[in-house]
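**Q**
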Amino acid sequence: MRELFRSAAAPRRLSSLGLRARDLDAMVLKTRVTELLKIEHPIIQGGMHHVGYATLAAAVSNAGGLGTVTALTQRTPELLRDEIRACKALLKPGKPFAVNFTLLPSLAPPDYGAYAQVIVDEGVPVVETAGRNPGKWIAFFKKHGVTVVHKCVAIKHALTAQRLGADCISMDGFECAGHPGEDDVGNLVLLAKARTALTIPYVASGGVGTGEQLAACLALGADGVNMGTRFMATKEAPVHDGIKAALVKADERSTTLVMKSVGNTERVYKNDVARQVQEIEARDPGKIEAIRHLVSGENYRKSFQESGDPDSSVWSCGVVMGLIDDVPTCEELVRRMVADAERVITGRLPSMVGGRSGLWSMVAGRSKL
Ligand SMILES: Cc1cc2nc3c(=O)[nH]c(=O)nc-3n(C[C@H](O)[C@H](O)[C@H](O)COP(=O)(O)O)c2cc1C
1 MRELFRSAAA PRRLSSLGLR ARDLDAMVLK TRVTELLKIE HPIIQGGMHH VGYATLAAAV
61 SNAGGLGTVT ALTQRTPELL RDEIRACKAL LKPGKPFAVN FTLLPSLAPP DYGAYAQVIV
121 DEGVPVVETA GRNPGKWIAF FKKHGVTVVH KCVAIKHALT AQRLGADCIS MDGFECAGHP
181 GEDDVGNLVL LAKARTALTI PYVASGGVGT GEQLAACLAL GADGVNMGTR FMATKEAPVH
241 DGIKAALVKA DERSTTLVMK SVGNTERVYK NDVARQVQEI EARDPGKIEA IRHLVSGENY
301 RKSFQESGDP DSSVWSCGVV MGLIDDVPTC EELVRRMVAD AERVITGRLP SMVGGRSGLW
361 SMVAGRSKL
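Taking the numbering used here, I'd label the letters of the sequence shown as residues 1 to 369.
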């Protein structure tokens, strides 16, 4: 890969990725997660309903991260098989990818067994499980040699998943898009606590979109990051440009929480439809029937895939919108993040360590007294 950037066209190629020549020798971060998942960079794209299609997953994996196809976005297990095959066809040789397997609280659950069987039959190397009671499914995937990353929002659940055999945890903090749980604990605390609680590797999920944050997460003990919202604002994300423009325009105050009263809190874009849901919940708490028509996934599928109107539905996004200023390719984003993280790790942080300058000046200062 580095050779690509050493040709005559190198400066143009580099600047098109938002990099400079000096980034060349500083573009690999090796962690337990890059080893476990056999990826180049410790950056994962989490499952996203109506976003996690083959095109995005393959673009992230081809950029050296781990892209994820979202199983339940496909209406049937056979459609998931087609999507997995489409992803494989787009992947460069040797690149792994994942499938997200979300366990929803539902009165009429999908045929999880059939979806899981397709994942195994198609030789998917990594599964991201998320949601309640993953035990049976972690055992099933592990039995078939699939690496399991379990995404959860509490240390208690991370410990359970570790005990059940998960290979890695994705710690989803309160900042995250989608379902942050009911404990309201941010990643600054969750990640630091995970470091002492867990023995398996974990990645930081929620609120991450820059290389400086990647460096911070590694410093806190994580072995990488998982991102949703930031990957929605990429060229390859299969969502309407109107939604990407909204992600760029919004800031960190542009999300709100709905469905708290039904115990299934979701962080979503702050618009009039979300406010309507909140008003109904305030009047009629705990009644999912009263809000179902407004929070249905089909509404935001239309916003994402058809209208591009960010104000016409309730859709997940995270506070990281405050850090999203452009719509790069996945390759540009991943490379920029790794280069920025390395600059922090090798430049900014070491310059702060007392060492010669700090310690010596202190000693010298004291000796003068
Ligand atoms: C539009 C959207 C849909 C999502 N759908 C799912 C899903 O179906 N299953 C899941 O486990 N996580 C889902 N997520 C959560 C992401 O996988 C990831 O955990 C989260 O986005 C991380 O927070 P961030 O957006 O701040 O990076 C979704 C996120 C977004 C933005």
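Glycine is no exception: its CB is placed at the ideal position from the N, C-alpha and C atoms.
Return the bridge partner residues of N226 from the DSSP annotation.
**A** For the purposes of this step, residue 226 is identified with residue 226 of the sequence shown, where counting begins at 1. BP columns for N226 point to I44, S205.
**Q** So the candidates are V28, L190, R230, L91; which of them puts its Cα closest to the Cα of T329?
**A** As a working note, residue 329 is residue 329 in the sequence shown. Looking at the Cα atoms, R230 is the closest of the given residues.
**Q** Less than 8 Å separating the Cβ of K270 from some heavy atom of ligand 1?
**A** Numbered from 1 along the sequence shown, position 270 holds the residue referred to as residue 270. No, since every heavy atom of ligand 1 falls outside the 8 Å radius drawn around the Cβ of K270.
**Q** Can you find the residues in the same chain that come closer than 7 Å, C-beta to C-beta, to P105, ignoring five residues on each side of it along the sequence?
**A** Position 105 of the sequence shown, counted from the start, is the residue given in the question as residue 105. These residues qualify, in order along the chain: R132, N264.
**Q** What residue does the alpha helix (DSSP H) around T160 start on, and which one ends it?
**A** Locating residue 160 in the sequence shown gives position 160, where the first residue counts as 1. First-last of the alpha helix (DSSP H) with T160: 155-164.
**Q** Report the three-state DSSP secondary structure of R195 (helix, strand or coil).
**A** Start at 1 with the first residue of the sequence shown, and residue 195 comes out as number 195. In this structure, R195 counts as helix in the three-state DSSP scheme.
**Q** Looking at C-alpha atoms only, which residue of I324, N100, S316, H293 is the closest neighbour of E252?
**A** Working through the sequence shown from its first residue, we reach residue 252 at position 252. Closest option to E252, Cα to Cα, is I324.
**Q** Among residues of its own chain, excluding the 5 on either side of Y53, which ones have a beta-carbon nearer than 6 Å to its beta-carbon?
**A** On the sequence shown, position 53 is the one that residue 53 refers to. Excluding positions up to five away in sequence, the list reads P238.
**Q** Any chance the region 252-261 sits against the region 269-281, with 3 or more Cβ pairs inside 8 Å?
**A** Output reads yes: the region 269-281 touches the region 252-261.
**Q** Quick test of the definition: if touching needs 3 or more C-beta pairs under 8 Å, does the region 31-41 touch the region 193-207?
**A** The region 31-41, when compared against the region 193-207, does touch it at the 8 Å Cβ threshold.
**Q** Around the Cβ of M371, are there at least 16 other Cβ atoms within 10 angstroms (buried) or fewer (exposed)?
**A** Outside the displayed span of the chain (1 to 369) sits residue 371, for which this structure offers no information.
**Q** When you compare each of A341, L72, T346 to V371 by their alpha carbons, which one comes out closest?
**A** No answer is possible for residue 371: the residues shown for the chain start at 1 and end at 369.
**Q** So V273 and S313 are supposed to be a Cβ contact under 8 Å. How far apart are they, rounded?
**A** Counting from 1 along the sequence shown, the entry for residue 273 is found at position 273. Counting from 1 along the sequence shown, the entry for residue 313 is found at position 313. Sure, about 6 Å apart at Cβ, within 8 Å.
**Q** By the DSSP assignment, the alpha helix (DSSP H) with V338 in it spans what residues?
**A** Counting from 1 along the sequence shown, the entry for residue 338 is found at position 338. First-last of the alpha helix (DSSP H) with V338: 330-343.
**Q** Answer with buried or exposed for T68, where buried requires no fewer than 16 other C-beta atoms within 10 angstroms of its C-beta.
**A** Within the sequence shown, numbered from 1, the residue matching residue 68 stands at position 68. Buried, since its Cβ has 16 or more Cβ neighbours within 10 Å.
**Q** Skipping 5 residues on each side, what residues in its chain have a beta carbon closer than 7 Å to that of A233?
**A** Locating residue 233 in the sequence shown gives position 233, counting from the first residue. So the qualifying residues of the chain are K244, L247, V248, I324, V327.
**Q** Which value, in whole angstroms, describes the spacing of the CA atoms of H157 and T147?
**A** For this step, residue 157 is matched to residue 157 along the sequence shown. For this step, residue 147 is matched to residue 147 along the sequence shown. Cα to Cα, the separation comes out at about 18 Å.
**Q** Could you tell me the alpha carbon to alpha carbon distance between T70 and S351, rounded to whole angstroms?
**A** The residue you call residue 70 lines up with position 70 of the sequence shown. The residue you call residue 351 lines up with position 351 of the sequence shown. Distance between the alpha carbons of T70 and S351 is about 42 Å.
**Q** Between T229 and ligand 1, is the CB less than 8 Å from at least one heavy atom?
**A** On the sequence shown, position 229 is the one that residue 229 refers to. The answer is yes for T229.
**Q** CB A139 to CB L103, shorter than 9 Å?
**A** For the purposes of this step, residue 139 is taken as the residue at position 139 of the sequence shown. For the purposes of this step, residue 103 is taken as the residue at position 103 of the sequence shown. No, they are not a contact pair.
**Q** Jot down the residue ranges of each uninterrupted beta strand (DSSP E) in the region 106-154, minimum 3 residues, whole runs only, in chain order.
**A** Runs found: 126-131, 147-152.
**Q** Tell me whether E266 sits in a helix, a strand or coil according to DSSP, three-state version.
**A** Counting from 1 along the sequence shown, the entry for residue 266 is found at position 266. DSSP places E266 in strand when its eight states are reduced to three.
**Q** Measure the C-alpha to C-alpha separation of R292 and G178 and round it to an integer number of angstroms.
**A** By one-based count along the sequence shown, residue 292 stands at place 292. By one-based count along the sequence shown, residue 178 stands at place 178. Computed Cα separation, rounded: 16 Å.
**Q** Would you check if the distance between the CB atom of G47 and the CB atom of F97 is smaller than 9 Å?
**A** Against the sequence shown, residue 47 aligns to sequence position 47. Against the sequence shown, residue 97 aligns to sequence position 97. No, the Cβ-Cβ distance between G47 and F97 is not below 9 Å.
**Q** What would DSSP say about V319, mapped onto helix, strand or coil?
**A** Position 319 of the sequence shown, counted from the first residue, corresponds to residue 319. In the structure shown, V319 sits in a helix (DSSP, three-state: H, G or I).
**Q** What do you reckon, is the C-beta of A233 under 8 Å from a heavy atom of ligand 1?
**A** Here residue 233 is taken as the residue at index 233 of the sequence shown, counted from 1. Not under cutoff, so the answer is no.
**Q** What residues match up with G178 in a beta bridge as DSSP calls it?
**A** Taking the first residue of the sequence shown as 1, we reach residue 178 at position 178. According to DSSP, which records beta bridges pairwise, G178 is partnered with R267.
**Q** How many Å lie between V344 and C87 at the Cα?
**A** Counting from one through the sequence shown, the residue named residue 344 turns up at place 344. Counting from one through the sequence shown, the residue named residue 87 turns up at place 87. Distance between the alpha carbons of V344 and C87 is about 34 Å.
**Q** Short of 6 Å in beta carbon distance, which residues of its chain neighbour D284, apart from the five on each side in sequence? Order them along the chain.
**A** On the sequence shown, position 284 is the one that residue 284 refers to. Only A290 meet the Cβ criterion.
**Q** Taking DSSP's pairing of strands, which residues face N100 in a bridge?
**A** Sequence index remark: in the sequence shown, residue 100 carries index 100 (1-based). In DSSP, N100 forms a bridge with T70, E128.
**Q** Measuring only the C-alpha atoms, how far is S296 from I288?
**A** The residue given as residue 296 occupies position 296 in the sequence shown. The residue given as residue 288 occupies position 288 in the sequence shown. In a straight line, the C-alpha of S296 is about 11 Å away from that of I288.
**Q** What does DSSP give as the partner residues of T256 in its beta bridges?
**A** For the purposes of this step, residue 256 is taken as residue 256 along the sequence shown, with counting starting at 1. According to DSSP, which records beta bridges pairwise, T256 is partnered with V268.
**Q** Do G318 and E182 have their C-beta atoms closer together than 9 Å?
**A** In the sequence shown, residue 318 corresponds to position 318, counting from 1. In the sequence shown, residue 182 corresponds to position 182, counting from 1. It is not a contact, given that the beta carbons lie outside the stated cut-off.
**Q** Quick check: P310 and S316, are their CB atoms within less than 9 Å of each other?
**A** Here residue 310 refers to the residue found at position 310 of the sequence shown. Here residue 316 refers to the residue found at position 316 of the sequence shown. Cβ atoms of P310 and S316: not closer than 9 Å.
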